[in-house]
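*Asks:* Residues in the sequence shown are numbered consecutively from -1, following this note's numbering.
Please see the structure below; I have some questions.
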Amino acid sequence: MIYFNNAATSYPKPPNVKLAVNDYFNHYPVGQNRNQLGGEDLILNIRKRIAKFLGIKNCNNLFFTSGATEGLNLLIAGLNVEEGDHLVTTENEHNSVLRPLYRLIETKKIKLDIVATNEYGIINVSDIIKYVNSETKAVIVNHVSNVTGFTLDIEQLALQIKQKSKAIIIVDGSQSVGYLPIDLSRMNAIDAFAFSGHKSLWALEGIGAVYISESLINSDQNKIAPLIAPLKVGGTGVKSESLKQPTELPIYYESGTQNIIGIISLAAGVDFITSIGLEKINQRVSVLSDYLVDKLQAMPEIISPSFEIEIKNSIISFNILNHDPSEVAFILSNSFDIIVREGLHCAPLISKRLGFFPKGSIRVGLSYFNTEGEIDFFIDSIKKIISSKC
Ligand SMILES: Cc1ncc(COP(=O)(O)O)c(C=O)c1O
């Protein structure tokens, strides 16, 4: 089987991730603040490793979630907003941003500006800045589009927003982390960064994390009061005598028994990236991506906004003239054993902007483990579909 659906969930997982997950069954269960594993808590150790990988100075500012969807819901639903407050987002967003924002329109009657991209899905920092004013409460943006692969300069955006307003800047890093270098201590104008584990970080499904900067924590006389309300409250394994949620980080946001096996897989995924080198992974995927794009571009029947995106990365979406994307994906899977993703990719606004609505597009999500040979076979299969020889 050829697996080109890595932008949804990466497969295969690196050998060390499989080993770490299997090894979990050989030990007694551990849990944050519930068991000790020879001194330092296992979760604390992993939190430190992941924080280091992302340039986060204080690992307590990083907390685990079930994925980017939970992280973004937490950040958006937890905003302290009221009727009439102004928020900004873009057409490049995934439904895990758009739907929580739409819910805020319904429940809190906020005002939302959605910044349009151009016809290729490209959006400039200045396009977004135009919508930000001194009244803006939050700006929520996707780092790398899961439809076009377009990469927004989030560092520059955050810096420029801070010059104009006190808005909270929330970034969806689901498609960038593990693929692009992220140093959150350098990108210190970014207030919150949510991401998935099961994509470029090679973890199992059902794990992700959120980073919040010190700007979202009100530490007054050692009394910690995070500014974003938690999505859930409950058991934290400490301060059980209190009926109020303890405000210390990270437990403020981590009630309930954690997805320990997911967290272990995330650590192993990060170890894999570190052992190979992020730059090397990025370079390899870029080589594969260029190889695929060159071949697709040479075919007049292929329509793709990704051809216009200068910074190529692992995501390439396209359509074949006069072909239904769901039929193409079905044939690729059933006749050629190639797995791609088709449809709107949970990103309806950008799909509309690109003319991929309502049927969507075919998306190839490449990984470090794909090969040129697989791409050759894929291109041959597409050619056969076009000439209807299958
Ligand atoms: C850009 C983007 N944001 C958010 C998500 C949701 O991630 P998760 O599956 O971790 O909830 C995805 C996953 O498809 C995504 O591509």
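We treat Cβ as the ideally placed atom computed from N, Cα and C, and that holds for glycine.
Remember, predicted model here, so these are calculated numbers, not experimental data.
1) Is it buried or exposed, Asn216, if we count other Cβ atoms within 10 angstroms and call 16 or more buried?
2) Which residue from Gly232, Asp181, Ala201, Pro13 puts its Cα closest to that of Ser211?
3) What residues in its chain sit with their C-beta under 7 Å from that of Tyr22, if we drop five residues either side in the sequence?
4) Put Glu372 into one of helix, strand or coil per three-state DSSP.
5) Tell me which residues share the same chain as Asp170 and place their Cβ nearer than 8 Å to its Cβ, disregarding the 5 neighbours each side in the sequence.
6) Please state if the CB of Leu319 and the CB of Asn58 are separated by a distance shorter than 8 Å.
7) For Asn14 and Gly119, I'd like the C-alpha separation in whole angstroms.
8) Using the Cβ count rule (16 or more neighbours within 10 Å means buried), how would you classify Asp408?
9) Is it the case that the Cβ atoms of Asn31 and Ala345 are separated by a distance below 8 Å?
10) How is Val86 classed by DSSP in three states: helix, strand or coil?
11) Which whole runs of the beta strand (DSSP E) in the region 273 to 335 are 3 residues long or more, in chain order?
12) How far does the beta strand (DSSP E) with Thr63 in it extend, from its first residue to its last?
13) Apart from the five residues just before and just after Leu60, which ones in its own chain have a Cβ nearer than 8 Å to its Cβ?
14) Out of curiosity, what's the CA-to-CA distance linking Asn116 and Phe354?
15) Does the beta-carbon distance from Lys394 to Gly254 come in below 8 Å?
16) Assign Arg361 to buried or exposed, taking buried as 16 or more other Cβ atoms, counted over all protein chains shown, within 10 Å of its Cβ.
17) Rounded C-beta distance between Lys197 and Ser172? I'm assuming under 8 Å.
18) Who are the near neighbours of Leu125 in its chain, counting only those whose CB is closer than 7 Å to its CB and skipping five residues on each side?
19) Give a yes or no on whether the C-beta atoms belonging to Ala187 and Lys160 are separated by under 8 Å.
20) Any idea what DSSP makes of Val208, helix, strand or coil?
21) Please check the pair Thr146 and Ala165, which I expect to be a contact at CB under 8 Å, by giving their CB distance rounded to whole angstroms.
22) In terms of residue numbering, what span does the alpha helix (DSSP H) encompassing Gly69 cover?
23) Considering only DSSP beta bridges, list what Glu246 is partnered with.
*Replies:* For this structure:
1) By the C-beta density criterion, Asn216 is exposed, having fewer than 16 other C-beta atoms within 10 angstroms.
2) Ser211 has its Cα closest to that of Asp181, out of Gly232, Asp181, Ala201, Pro13.
3) Contacts found: Ile259, Ile262.
4) Reduced to three states, the DSSP call for Glu372 is helix.
5) Taken in chain order, the residues that qualify are Ala66, Leu70, Glu91, His92, Ser94, Val95, Ile138, Val139, Asn140, His141, Ala192, Phe193.
6) No, the Cβ-Cβ distance between Asn58 and Leu319 is not below 8 Å.
7) When rounded, the separation of the alpha-carbon atoms in Asn14 and Gly119 is 36 Å.
8) What is shown of the chain runs -1 to 388, which leaves residue 408 out entirely.
9) With respect to the 8 Å criterion, Asn31 and Ala345 are not classified as neighbours on the basis of their beta carbons.
10) Looking at Val86 - three-state DSSP - the assignment turns out to be strand.
11) For the region 273 to 335, whole beta strand (DSSP E) runs of length 3 or above, ordered along the chain, are 313 to 318.
12) For Thr63, the enclosing beta strand (DSSP E) stretches over residues 60 to 63.
13) If the five residues before and after Leu60 are omitted, its C-beta is found closer than 8 Å to the C-beta atoms of Arg45, Ile48, Ala49, Leu52, Ile54, Ala207, Val208, Tyr209, Pro248, all from its own chain and listed in chain order.
14) Looking at the two C-alpha atoms, the distance is approximately 14 Å.
15) Shown here, the chain extends from -1 to 388; a query on residue 394 therefore has no answer.
16) Arg361 should be labelled buried.
17) Taking C-beta atoms under 8 Å as the contact rule, Lys197 and Ser172 qualify, at a distance of about 6 Å.
18) Leu is not the amino acid found at residue 125; the sequence shown has Asp there. Excluding positions up to five away in sequence, the list reads Val113.
19) Yes. Within cutoff.
20) Correct three-state label for Val208: strand.
21) So it is not a contact: roughly 25 Å between Cβ atoms.
22) Gly69 -> alpha helix (DSSP H) spans 66 to 75.
23) Under DSSP, Glu246 forms no beta bridge with any residue.
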